[in-house]
Amino acid sequence: MESTSSKDEQNNQEDSDSSEMDEIEPRLKYVRIRNDLEYILQNDAASCIAVHPKFLCLGSHWGMIHLLDHQGNNVKSKTLQVHTVAVNQISIDNNGDFIASCSDDGKVFIYGLYSTENNHNMSMGRLVKSIAIDPNYKNGSGRRFITGDDKLVLYEKTFLARMKPTVLCEAEGGVRSVAWSGRFVAWASDTGVRVYDLDARCSLGLIKWSCTAETSPEHYRCNLQWSDDKTLLIGWVDIVRICHIRKRTMQEMVNRDLPEFVVDPVSTFQVDFYISGIAPLKNQLVLLGCLKELDEDGKNQRPTLHVVEPKYQDFSVVCANSLTLRGYKEYSCNDYHLDCLKEENRFFIVSPKDIVVASLYDTDDRIEWLLSHRKFEQALEAVTMNNGKDCKRHTVLDIGRIYLDHLLACEKYDEAGKLCLKILGRDKKLWEEEVYKFARVHQLRSISSYLPRGDVILDPLIYEMVLYEYLKMDPDGFLQLVKEWSPDLYTVAAVVNGVLEHLLVHNQRQNVLLEALAILYIHDGKYDKALAMYLKLRHKDVFQLIQKYQLYNSVYDMIEGLMDLDTERAIQFFLEKDRVPSDVVVQKLQHNHRYLYLYLDTLDKRDTKDSKGKYHGLLVRLYADYSRDKLLPLLRRSDNYPIQQALDICSQRRFYPEMVYLLGRIGNTSEALALMTRELNDMESAIAFCQEHNDEELWNDLVNYSLDKPAAITFLLQKIGTYVDPRLMVQRIEPTLEIPGLKKALVKMMCDYNLQISVQEGCKKILSNDYFNLHERLVHCHQKGIFIDDDQMCGACHRKIISRGTWLYFIVNIVFMRIVYLILN
Numbered sequence: 005m006e007s008t009s010s011k012d013e014q015n016n017q018e019d020s021d022s023s024e025m026d027e028i029e030p031r032l033k034y035v036r037i038r039n040d041l042e043y044i045l046q047n048d049a050a051s052c053i054a055v056h057p058k059f060l061c062l063g064s065h066w067g068m069i070h071l072l073d074h075q076g077n078n079v080k081s082k083t084l085q086v087h088t089v090a091v092n093q094i095s096i097d098n099n100g101d102f103i104a105s106c107s108d109d110g111k112v113f114i115y116g117l118y119s120t121e122n123n124h125n126m127s128m129g130r131l132v133k134s135i136a137i138d139p140n141y142k143n144g145s146g147r148r149f150i151t152g153d154d155k156l157v158l159y160e161k162t163f164l165a166r167m168k169p170t171v172l173c174e175a176e177g178g179v180r181s182v183a184w185s186g187r188f189v190a191w192a193s194d195t196g197v198r199v200y201d202l203d204a205r206c207s208l209g210l211i212k213w214s215c216t217a218e219t220s221p222e223h224y225r226c227n228l229q230w231s232d233d234k235t236l237l238i239g240w241v242d243i244v245r246i247c248h249i250r251k252r253t254m255q256e257m258v259n260r261d262l263p264e265f266v267v268d269p270v271s272t273f274q275v276d277f278y279i280s281g282i283a284p285l286k287n288q289l290v291l292l293g294c295l296k297e298l299d300e301d302g303k304n305q306r307p308t309l310h311v312v313e314p315k316y317q318d319f320s321v322v323c324a325n326s327l328t329l330r331g332y333k334e335y336s337c338n339d340y341h342l343d344c345l346k347e348e349n350r351f352f353i354v355s356p357k358d359i360v361v362a363s364l365y366d367t368d369d370r371i372e373w374l375l376s377h378r379k380f381e382q383a384l385e386a387v388t389m390n391n392g393k394d395c396k397r398h399t400v401l402d403i404g405r406i407y408l409d410h411l412l413a414c415e416k417y418d419e420a421g422k423l424c425l426k427i428l429g430r431d432k433k434l435w436e437e438e439v440y441k442f443a444r445v446h447q448l449r450s451i452s453s454y455l456p457r458g459d460v461i462l463d464p465l466i467y468e469m470v471l472y473e474y475l476k477m478d479p480d481g482f483l484q485l486v487k488e489w490s491p492d493l494y495t496v497a498a499v500v501n502g503v504l505e506h507l508l509v510h511n512q513r514q515n516v517l518l519e520a521l522a523i524l525y526i527h528d529g530k531y532d533k534a535l536a537m538y539l540k541l542r543h544k545d546v547f548q549l550i551q552k553y554q555l556y557n558s559v560y561d562m563i564e565g566l567m568d569l570d571t572e573r574a575i576q577f578f579l580e581k582d583r584v585p586s587d588v589v590v591q592k593l594q595h596n597h598r599y600l601y602l603y604l605d606t607l608d609k610r611d612t613k614d615s616k617g618k619y620h621g622l623l624v625r626l627y628a629d630y631s632r633d634k635l636l637p638l639l640r641r642s643d644n645y646p647i648q649q650a651l652d653i654c655s656q657r658r659f660y661p662e663m664v665y666l667l668g669r670i671g672n673t674s675e676a677l678a679l680m681t682r683e684l685n686d687m688e689s690a691i692a693f694c695q696e697h698n699d700e701e702l703w704n705d706l707v708n709y710s711l712d713k714p715a716a717i718t719f720l721l722q723k724i725g726t727y728v729d730p731r732l733m734v735q736r737i738e739p740t741l742e743i744p745g746l747k748k749a750l751v752k753m754m755c756d757y758n759l760q761i762s763v764q765e766g767c768k769k770i771l772s773n774d775y776f777n778l779h780e781r782l783v784h785c786h787q788k789g790i791f792i793d794d795d796q797m798c799g800a801c802h803r804k805i806i807s808r809g810t811w812l813y814f815i816v817n818i819v820f821m822r823i824v825y826l827i828l829n
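Encoded structure:
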């Protein structure tokens, strides 16, 4: 069968089979039947058609029946000349063994293709408009067929081989078309469509026309087609009806003399064209129609083939194709016919001078249509469905590369890059070919994210080309790729040279490129250069770099630089596992006292054996400069600093509390007390200092200092009573000196002094009693064993005696009590 898309038909408008309307994707493709059929139609004209999966029968205006294969070749050497005028209708049984035909010449012809036993050539003596042969004619018991003229007549072969006619129904205006399926026959007359049950020999009802003067039944052929054994399709004028035959329920049958089956309407809708044929297509309908309007010249327009999806009282158009059939301008809707092979979804469109076969688009057809209409994405989706098993002429790669070229031509580079990942798979050669297409338009960046970097690796030059393009056009993207890509993909030294050359010429985004250069140096094993680069950039990844590659010895000359970068992290890094000796850090930071202070302060907090107190001499000066609040605690807790040097430092800065402490440590208590009283004016601390050292000269110095200061005398009188004899001070106070609050201070002093005396007397009594009690107990224990434990037994009384430890306990307590007694007296 020759396709209508061949070159000669494309160049000839008259030979073109279809043209798409509004760019709607078609469901059907069209092929014109040629071969012997072309010769037949040159000399005759088609009047009707009947198709079978094995062959097709074409009735002509000259009364001939041509048996053809589906490609238009004669399957019989002899054409059947059985009628003298145009053949009205042809019917074929299910097995394709017998055909039946009728004509206005009044003849009915039954012809066996393989046997003449059941052939009939009958003259009815009247116009016979329609005929239908029993679908099971060969296997049926009656060898039946039905004719339609002014009535519907059933012919059955009797026992004596005679044909018995039975009038099934009178038809007003004549039977215009008949369709037979199983036990049901449907026929159309001027009043409507009637369905007849041949087994029950009863009518199931009449579907009436809604006639007007404009659409009288005699002017239009009714098109009947069984979708299945119980679904009838009706197309008349511009009305489509779908009816279903169902079995009545038991409730419907009760007390009624009704047929077993009933015809129910499923859908009825009106179209805007005259219907020339109707056929089923799964859950949709195929309608052959003629437009109602004439063209500008008053001629008929092209017939159209519509695929519609019916609803209850409406429909939606799936697709519609205008058909250019030969001589279409001279033909009306009754001149066209439509028949189908339901199992194959093939539709035969007949005009007097042309036959075109419409069939469903297969995947390859659909892809070709999508490509021709530049719907590349949909074409790619179609070829990838079911892993391409439905495609014979197209592959994912072929369609994908066409689509890819289209995207590049449209400058949709990102979409093109993404498409490569989908269509090129693991084919290294294909990848390299397509990458060069992106390189030619300087859009390697669009494909960079999708380049294979796993099991399949391209030529290193490919990856270097991508990096160079990023280097020139997108430094940030270049840095990102250097971070993401494995250095095994490209030649690192070549990329390093490219970066250095670029830096010599361009000054933009230098920090970004220097960071990328540092990473490249790492990939190349040049860690010292990478480290220097990071420090120059003040990049905090330098610490991670040092740890990852164990570059601890390389940082000795970078200690101050690391402190500049991140002081806290640098110090923690130096101290962690003693990676950098403290002597080295101190030496490198000797000219940067602040960094040295921060380092030694943190080091001192760790309090390790190796570093404990080692740098306290330095810390004294550093604390004096940067953190005085830490100085005095250091002086108190440490013995590892030069006291005189510390005193000099504190003297220079007049840190009097620190000087007091240091003077006290070197024994210069008098000067320390003088600082507390004269410089600090802190009598409270002065008294505490005197009490701490318990030196009579210090108390005299404190008293001497206070004698000419009434406020100091008052404060001292209130505090001194519990520490020294108040007479030391009272006797030395100038009698004429006015002292505020003297009376109250004296009362307080005397109370404190009396309390001290009472405490001492009480202690003397207690100690005296304890002394004699302990002594008596000791003598008693010496004379007689004490029952304490089972360590030893007394030889005289055979009792346990006190242990050596218990004796020692008593002796120590007696000596202690004696010493306290002597002190208090």
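In my numbering, the protein residues as written are 5 to 829.
Glycine included, each C-beta is placed from N, C-alpha and C at the ideal position.
*If we call anything under 8 Å between Cβ atoms a contact, is aspartate 369 one with lysine 33?*
Residue mapping note: residue 369 aligns to position 365 of the sequence shown, counting from 1. Residue mapping note: residue 33 aligns to position 29 of the sequence shown, counting from 1. Going by C-beta atoms, aspartate 369 is nearer than 8 Å to lysine 33.
*Let me know if histidine 377 comes out buried or exposed under the rule of 16 or more other beta-carbons within 10 Å of its beta-carbon.*
The residue given as residue 377 occupies position 373 in the sequence shown. It is exposed - the Cβ of histidine 377 has fewer than 16 other Cβ atoms within 10 Å.
*Going by beta carbon distance, what residues of the same chain come within less than 8 Å of arginine 252, once the five residues before and after it are set aside?*
Residue numbering aside, residue 252 sits at position 248 when the sequence shown is read from its first letter. Here the set comprises Leu262, Pro263, Glu264, Phe265 and Val266.
*Distance CB(leucine 569)-CB(leucine 539) smaller than 8 Å*: The residue you call residue 569 lines up with position 565 of the sequence shown. The residue you call residue 539 lines up with position 535 of the sequence shown. Result yes, Cβ atoms of leucine 569 and leucine 539 sit closer than 8 Å.
_Near the ligand ATP: isoleucine 246 beta-carbon under 7 Å from a heavy atom_ = As far as ligands go, the structure on display features none, and thus does not contain the ligand ATP.
_Residue interval of the alpha helix (DSSP H) (run including tyrosine 200)_ = In the sequence shown, the residue the question calls residue 200 occupies position 196. No alpha helix (DSSP H) contains tyrosine 200, which is instead part of the beta strand (DSSP E) from 196-201.
*How about leucine 374: is its C-beta nearer than 8 Å to some C-beta of chain B?*
Looking at the structure shown, chain B is missing, and only one protein chain is on hand.
_Can you tell me whether methionine 128 is helix, strand or coil according to DSSP?_
Within the sequence shown, residue 128 is the residue found at index 124, counting from 1. Three-state result, methionine 128: coil.
*Counting only runs of 4+ residues fully inside the stretch 568-652, write out the alpha helix (DSSP H) ranges in chain order.*
571-579, 586-592, 597-610, 620-630 and 635-641
*Do the CB positions of lysine 581 and isoleucine 563 come within less than 8 Å of each other?*
Against the sequence shown, residue 581 aligns to sequence position 577. Against the sequence shown, residue 563 aligns to sequence position 559. Result no, Cβ atoms of lysine 581 and isoleucine 563 do not sit closer than 8 Å.
*Should glutamine 93 and serine 134 be called a contact, given that it needs their Cβ atoms to be closer than 8 Å?*
Sequence index remark: in the sequence shown, residue 93 carries index 89 (1-based). Sequence index remark: in the sequence shown, residue 134 carries index 130 (1-based). Result yes, Cβ atoms of glutamine 93 and serine 134 sit closer than 8 Å.
*Rounded to a whole number of angstroms, what is the C-alpha to C-alpha distance between alanine 688 and glutamate 700?*
Taking the sequence shown and counting its residues from 1, one reaches residue 688 at position 684. Taking the sequence shown and counting its residues from 1, one reaches residue 700 at position 696. The sequence as given places glutamate at residue 688; alanine does not occur at that position. Rounded to whole angstroms, glutamate 688 to glutamate 700 spans 17 Å at the Cα level.
_Three-state secondary structure (DSSP) of cysteine 3_ = With the chain represented from 5 up to 829, any question about residue 3 goes unanswered, as that position is not in the structure.
*Whose C-beta lies closer than 6 Å to the C-beta of isoleucine 526 among residues of the same chain, with five residues either side of it excluded?*
Taking the first residue of the sequence shown as 1, we reach residue 526 at position 522. Excluding residues within five positions, the ones whose Cβ falls inside 6 Å are Ala534.
*Check each candidate in Asn704, Ala692, Asp705 and Val35 and name the one with the smallest Cα separation from valine 360.*
Along the sequence shown, one-based indexing puts residue 360 at 356. When only C-alpha atoms are compared, the closest one is Val35.
*Beta carbon of tyrosine 494, beta carbon of glutamate 468: below 8 Å?*
The sequence position of residue 494 within the sequence shown is 490, counting from 1. The sequence position of residue 468 within the sequence shown is 464, counting from 1. Yes, these two residues count as a Cβ contact at 8 Å.
*Which residues share a DSSP beta bridge with glutamine 274?*
Taking the sequence shown and counting its residues from 1, the one referred to as residue 274 is at position 270. Beta-bridge pairing links glutamine 274 to Ile243.
*asked:* Looking at the secondary structure, which residues open and close the alpha helix (DSSP H) in which threonine 151 lies?
replied: Here residue 151 refers to the residue found at position 147 when the sequence shown is read from its first residue. Looking at the DSSP string, threonine 151 is not in any alpha helix (DSSP H); the run it does join, the beta strand (DSSP E), is 149-152.
*By DSSP, does histidine 377 sit in helix, in strand, or in coil?*
The count along the sequence shown starts at 1 and reaches residue 377 at position 373. Three-state DSSP puts histidine 377 in coil, outside helix and strand.
_Inter-stretch contact (C-beta, 8 Å, three-pair minimum) for the stretch 494-508 and the stretch 460-479_ = yes
*asked:* On the CB-based measure, 16 or more other CB atoms within 10 Å of its CB, does proline 269 come out buried or exposed?
replied: Position 265 of the sequence shown, counted from the start, is the residue given in the question as residue 269. Proline 269 is exposed by the Cβ-count criterion.
*asked:* I need the straight-line Cα distance from aspartate 418 to phenylalanine 442, nearest angstrom please.
replied: As a working mapping, residue 418 is identified with position 414 in the sequence shown. As a working mapping, residue 442 is identified with position 438 in the sequence shown. Straight-line Cα distance between these residues: approximately 11 Å.
*Pairing CB atoms from the stretch 60-78 with CB atoms from the stretch 405-412, are three or more of them under 8 Å?*
no
*Note down, in chain order, each residue of its chain lying with its Cβ closer than 8 Å to the Cβ of phenylalanine 59, except the 5 sequence neighbours on either side.*
The residue you call residue 59 lines up with position 55 of the sequence shown. Cβ neighbours of phenylalanine 59 beyond the five flanking positions: Leu71, Leu72, Asp73, His74, Val79 and Gly100.
*Is there contact here, the stretch 380-387 with the stretch 308-324, by at least three beta-carbon pairs under 8 Å?*
no
*The beta strand (DSSP E) with arginine 36 in it runs from where to where?*
What you label residue 36 is simply residue 32 of the sequence shown in a count that begins at 1. Run containing arginine 36: 32-36, per the beta strand (DSSP E) assignment.
*Please say whether cysteine 106 and threonine 170 have beta carbons closer to each other than 8 Å?*
Within the sequence shown, numbered from 1, the residue matching residue 170 stands at position 166. Within the sequence shown, numbered from 1, the residue matching residue 106 stands at position 102. Against a cut-off of 8 Å, the Cβ pair of cysteine 106 and threonine 170 comes out as no contact.
*Given that a residue counts as buried once 16 or more other Cβ atoms are within 10 Å of its Cβ, and exposed if not, what is cysteine 414?*
Sequence index remark: in the sequence shown, residue 414 carries index 410 (1-based). That one is exposed.
*Whose C-alpha, out of Phe578, Thr88, Leu384 and Arg166, is nearest the C-alpha of tyrosine 599?*
Here residue 599 refers to the residue found at position 595 of the sequence shown. The option with the nearest alpha carbon to tyrosine 599 is Phe578.
*Under 8 Å Cβ to Cβ from serine 674, same chain only, skipping five residues before and after it: list those, please.*
Taking the sequence shown and counting its residues from 1, one reaches residue 674 at position 670. Excluding positions up to five away in sequence, the list reads Glu701, Leu702 and Asp705.
_Out of Tyr560, Val664, Leu566 and Ser631, which one is the CA nearest neighbour of aspartate 587?_
Residue 587 sits at position 583 when you count from the first residue of the sequence shown. Of the listed residues, the one whose Cα sits closest to aspartate 587 is Tyr560.
_Stretch-stretch touch, CB-based, cutoff 8 Å, three pairs: the stretch 280-288 with the stretch 228-236_ = yes
_For glutamine 288 and valine 311, which I take to be in contact (beta-carbon distance under 8 Å), what is that distance rounded to the nearest angstrom?_
The residue labelled residue 288 in the question sits at position 284 within the sequence shown. The residue labelled residue 311 in the question sits at position 307 within the sequence shown. With a Cβ gap of about 6 Å, glutamine 288 and valine 311 count as contacting.
*With distances taken Cα to Cα, identify the nearest neighbour of leucine 636 among Asn98, Met663 and Leu602.*
Residue numbering aside, residue 636 sits at position 632 when the sequence shown is read from its first letter. Among Asn98, Met663 and Leu602, the Cα nearest to that of leucine 636 is on Met663.
_Paired residues, beta bridge with tyrosine 159 - DSSP_ = Taking the sequence shown and counting its residues from 1, the one referred to as residue 159 is at position 155. Paired residue(s): Phe149 and Pro169.
*Can the beta-carbon of leucine 327 be found less than 8 Å from the beta-carbon of arginine 306?*
Numbered from its first residue, the sequence shown carries residue 327 at position 323. Numbered from its first residue, the sequence shown carries residue 306 at position 302. For leucine 327 and arginine 306, yes; Cβs fall inside 8 Å.
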